[in-house]
Amino acid sequence: MNSRTHRFGPGMTMAVLLLGSAIMFAGSQSSNPRSAESSAEGAALDRQLTEAYLRQDWAALEKIVAPDYSGFTLDEQWNLSTLKREFPKVHLVDLTVERQQIKRLRPDLILVSDVFTMHETYAGQDISGHYWSSDIWVRRNGKWLLLVEQEVPLK
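Here the numbering used here is used: the first residue of the sequence shown is 1, the next is one more, and so on.
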């Protein structure tokens, strides 16, 4: 998302619990021999998400977002219909990933966490800055979909 502050709304506590549980689960797993493959796959998904925002391409984004999507910021929680309604207000100009960690939680579940700097406006307001995000991708019917996305500004 890479991404995004813009994309969602309140509900931070739930997101923190969800992502925290996913990270703890990943940390408790033995090392995955497919680690390099998982990293490449997760990085490609993350780039695909960022590109959809950079190009302001709703059709591309809609193809990779799960119908039961949830997005969280410090203030808001979004679902797919909110994302679709708010998408025209998002204008991502540039995004630079500084650190990225990718974990395959299960064969059909990947967690991508980024620290990044972005230049973006949302509804005409500059929200550029330094952020942390985590995305959970799920594979359904052979296709990777963005299921959960969380973004937090860093001080």
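We treat Cβ as the ideally placed atom computed from N, Cα and C, and that holds for glycine. Everything numeric in this text was worked out from a predicted model, so none of it was measured.
First through last residue of the beta strand (DSSP E) which encompasses residue i
{"i": "residue 43", "result": "Unbroken run through residue 43 is the alpha helix (DSSP H), 35 to 54; no beta strand (DSSP E)."}
{"i": "residue 136", "result": "129 to 140"}
Chain-order list of residues whose beta-carbon lies under 6 angstroms from that of residue i (same chain, five-residue window excluded)
{"i": "residue 60", "result": "52"}
{"i": "residue 123", "result": "89"}
{"i": "residue 114", "result": "2, 97, 100 and 133"}
{"i": "residue 129", "result": "153"}
Those residues which DSSP pairs with residue i across a bridge
{"i": "residue 143", "result": "140"}
Cβ-based neighbour list, residue i, same chain, cut-off 7 angstroms, excluding 5 preceding and 5 following
{"i": "residue 146", "result": "49, 64, 65, 66, 69, 135 and 137"}
{"i": "residue 131", "result": "5, 116, 118, 151, 152, 153 and 154"}
Own chain, CB closer than 8 angstroms to residue i, minus 5 neighbours either side, in chain order
{"i": "residue 45", "result": "64, 110, 112, 135, 137, 144 and 146"}
{"i": "residue 91", "result": "56, 120, 121 and 122"}
With a floor of 3 residues, list each beta strand (DSSP E) that falls wholly inside the stretch 45 to 121, ordered by position along the chain. Fully enclosed beta strand (DSSP E) runs of 3 or longer: 65 to 72 and 90 to 106.
Can you find at least 3 beta carbon pairs, one from the stretch 63 to 80 and one from the stretch 94 to 108, that sit closer than 8 angstroms? Because the criterion of three Cβ pairs below 8 angstroms is not met, the stretch 63 to 80 and the stretch 94 to 108 do not touch.
Say whether the stretch 34 to 42 touches the stretch 119 to 127, bearing in mind that this needs 3 or more beta-carbon pairs closer than 8 angstroms, one atom from each stretch. A contact between stretches requires three or more CB pairs, one per stretch, nearer than 8 angstroms, and the stretch 34 to 42 fails this requirement with the stretch 119 to 127.
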